[in-house]
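The sequence shown lines up with residues 1035 to 1356 when you count with the numbering used here.
Beta carbons are placed, not taken as given, at the ideal position from N, Cα and C, and that holds for glycine.
Report on the following structure.
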Amino acid sequence: MTRLAFGGFELDPHTGELWKGEDCVRIQDQPLKLLLCLLERPGQIVGREELQKRVWSGDIHVGFEDGLNAAAWRLRQVLGDSAEAPAFIETIPRKGYRFVGKVVPLPGKSPPPSGSFPMPVFRPPSSSGMDAFTPTRVRRPWRSWRPWALWFGAILGLVLLGAGVMLWGFMRVRPVTLAVTPMSNVTGDPAVDYFASALSRQVIQDLLNTPNLEVQSAETTVSDRSLPKAALTLTWALDREARGYRIHVSLRDAQGRSHGDRTFPVPPEELHRVHRTIADYIAQQVAGQATGDGVAAAAAPHMGVGAEVRLAGWAGRAGGGS
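See below:
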């Protein structure tokens, strides 16, 4: 099978290397297998059962449904794709997936070079130009000033500088430090660990763009003494329910006081979008911690209202049917 090009990417099916320009993009095994299956039949629906047999070799004991959703979600992250407006991977509800981009075979093309790039060379100006310049003695007007005037100006400048620094320190909003612990998988299914880890990384990535927030990834549990000292600590857990999942989020300060507890019911079709709703909720709570509850909404301009309404509506339907 020859190298395949699509949307600025090139894939070598023999080596499993995915290139974007001259950069080799890191991609995990299951998302890579899913991509290969879809590239073989661009524009056609590849069914979920077929993907099970090819990506997982027919092993149905590893939580195939959850694993396929997680692999598709991770593949979109690698390609920079979106489920709402797909440029490459389109979800066909209850059927499978379809590759919608244009695929171009590249027979006989060699892979991009992976060596290091030469650093730019600094070349100083020619010495001949320096020799031709003869400095002339210029009388400096400030030498005619009286010494006390110079001292007065220097002291006044320092006083104004110090006052400006103090005023800026009082007026600026203090950043809030948030320690994010690993998401707990309480479903009892080890296959969901992959999705929980990927969701944790995506929420952290979303929070990095939040003003006045410093994010620390804590690779230990809350009870561990090695947890970074932070103004707020995020703990969360992923669990299953009758028609999907639920994610419980809890924010605590250093004294153990609650700054936000919330449970997000998530239907399977919202799994790839729920990270935005969770990140926006955390950003809103952090804004209240940093500037007071009165201006909390102003610091979270990207609140995913549409996604939250969809989740709330789904939760109402699920509750009514139970």
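Beta-ladder partner(s) of V1249, from DSSP | L1212
Under a Cβ-count criterion, where at least 16 other Cβ atoms within 10 Å of its own Cβ denotes burial, should Q1289 be classed as buried or exposed?
-> exposed
The segment 1240 to 1252 in contact with the segment 1292 to 1299 per 3-pair CB rule at 8 Å = no
Verify the CB distance criterion: does S1292 have a CB-CB separation below 7 Å to chain C?
-> Of the chains in the structure shown, none is chain C; there is only one protein chain.
Thinking T1221 and R1274 are a contact (beta carbons under 8 Å), I'd like their distance in whole angstroms, please.
-> 5 Å
Mind pulling the beta strand (DSSP E) runs of 3 or more residues that sit fully within the segment 1290 to 1319?
-> 1292 to 1300
Range of the contiguous beta strand (DSSP E) that encloses A1271 | L1266 to E1275
Give me whichever residues DSSP pairs with N1219 in a beta bridge.
-> L1272
Since H1282 sits in a beta bridge, which residues does DSSP pair it with?
-> A1271 and T1297
Reducing DSSP to helix, strand and coil, say where E1083 ends up.
-> helix
Is L1038 closer than 7 Å to V1137 when the C-beta atoms are compared?
-> yes
Does DSSP put W1090 in a helix, a strand or coil?
-> coil
Among G1050, Y1131, L1241 and I1281, which residue has its Cα nearest to the Cα of P1076?
-> Y1131
Residue nearest to A1232 in terms of C-alpha spacing, selected from Q1318, A1104, T1125 and L1073 = A1104
Within the same chain, show all residues whose beta-carbon is closer than 8 Å to that of I1079, passing over the 5 residues directly before and after it, in chain order.
-> I1126, K1129, G1130, Y1131 and R1132
Please look up how many angstroms separate the CB atoms of H1309 and V1237, rounded, as I've assumed it's under 8 Å.
-> 5 Å
Quickly, what does DSSP pair D1287 with across the bridge? List them, please.
-> L1266
Taking the C-alpha atoms as reference points, what is the distance between V1320 and S1284?
-> 12 Å
Tell me the DSSP bridge mates of A1039?
-> E1044 and V1138
Rounded distance between the beta-carbons of L1109 and L1068, thought under 8 Å | 6 Å
So what does DSSP say about L1052, is it helix, strand or coil?
-> strand
For R1075, which of helix, strand or coil comes out of DSSP?
-> coil
Can the beta-carbon of L1268 be found closer than 7 Å to that of A1313?
-> no
Mind checking whether L1192 and L1266 have CB atoms under 7 Å apart?
-> no
For M1200 versus W1270, is the C-beta distance shorter than 7 Å?
-> no
Give the C-beta separation of W1053 and F1040 to the nearest angstrom, bearing in mind that I take them to be a contact with Cβ-Cβ under 8 Å.
-> Actually they are not in contact, since the Cβ atoms of W1053 and F1040 sit about 11 Å apart, beyond 8 Å.
Exposed unless 16 or more other CB atoms sit within 10 angstroms - verdict on A1106 | buried
How would you write the range of the beta strand (DSSP E) that D1057 sits in, first residue to last?
-> D1057 to V1059
Cβ atoms of L1272 and A1230: under 7 Å apart, would you say?
-> yes
Whole-number beta carbon distance between A1117 and H1306, since they are thought to touch under 8 Å | 5 Å
Other residues of its chain near R1280: CB distance less than 7 Å, five sequence neighbours each side excluded | D1273, T1297, F1298, P1299 and V1300
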